[in-house]
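Worksheet: one structure, shown below.
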Amino acid sequence: MAVRNYETVFILTPVLNESQVQETVEKFSQVLKENSADIINTEAWGLKKLAYPIQKKNTGYYFLVEFTGEGNVVDTLELAFRRDERVIRFLTTVLDKHAVAYGTRRRKGEMNQQKVKQSEAVAQ
1 MAVRNYETVF ILTPVLNESQ VQETVEKFSQ VLKENSADII NTEAWGLKKL
51 AYPIQKKNTG YYFLVEFTGE GNVVDTLELA FRRDERVIRF LTTVLDKHAV
101 AYGTRRRKGE MNQQKVKQSE AVAQ
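What the sequence shown shows, in full-length UniProt numbering, is residues 1 to 124, in sequence order.
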């Protein structure tokens, strides 16, 4: 199988405390490492309001994980998500070359610099 770039966003239940949230995120990072996936980036988006109630909850802790690996690692990760009652939703997508380039630019902070330069030019 070919190595591909993936991005997973998952939502944890809001009733967890900070140590339980970190423990859960570490658990899924370990699942990826055990299946020879390379974690590129992990972002904690924090507690956010859900678009609609899920399991009678209106908020959840959002996390983003970008990684590379073979296709079977996604099956293993999603099985771990389904078995863990702390996860209320997850979505894994395959990234194409444009999405990988976008993610790299976003991590470096290059996305909003063009808007700042344009607004400075207009102000002068």
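Here a beta-carbon is modelled for each residue, glycine too, at the ideal position from N, C-alpha and C. Source: prediction; values computed, not measured.
Tell me which residue opens and which closes the alpha helix (DSSP H) that residue i is part of.
i, result
"K27", "E18 to E34"
"E78", "G71 to R83"
State the start and end residues of the unbroken beta strand (DSSP E) segment that holds residue i.
i, result
"V94", "V87 to L95"
"P53", "D38 to I54"
"E7", "R4 to L12"
How close, in whole Å, do the beta carbons of residue i and residue j come, if the pair is a contact with beta carbons under 8 Å?
i, j, result
"Y77", "T8", "With the sequence shown as reference, residue 77 is identified as Leu, and Tyr is not the correct amino acid for it. Rounded, the Cβ-Cβ distance is 7 Å, consistent with contact."
"G69", "V3", "6 Å"
Just to confirm, is the Cβ distance from residue i to residue j under 9 Å?
i, j, result
"V21", "L32", "no"
"residue 166", "F81", "For the chain, the structure presents residues 1 to 124; residue 166 sits outside this window and is missing."
"F10", "Y62", "yes"
"F67", "D96", "no"
"N17", "I40", "no"
"K48", "D84", "no"
"K57", "V15", "yes"
"I54", "R105", "no"
Using the beta-carbon count (16 or more within 10 Å), is residue i buried or exposed?
i, result
"V65", "buried"
"G71", "exposed"
"G46", "exposed"
"G109", "exposed"
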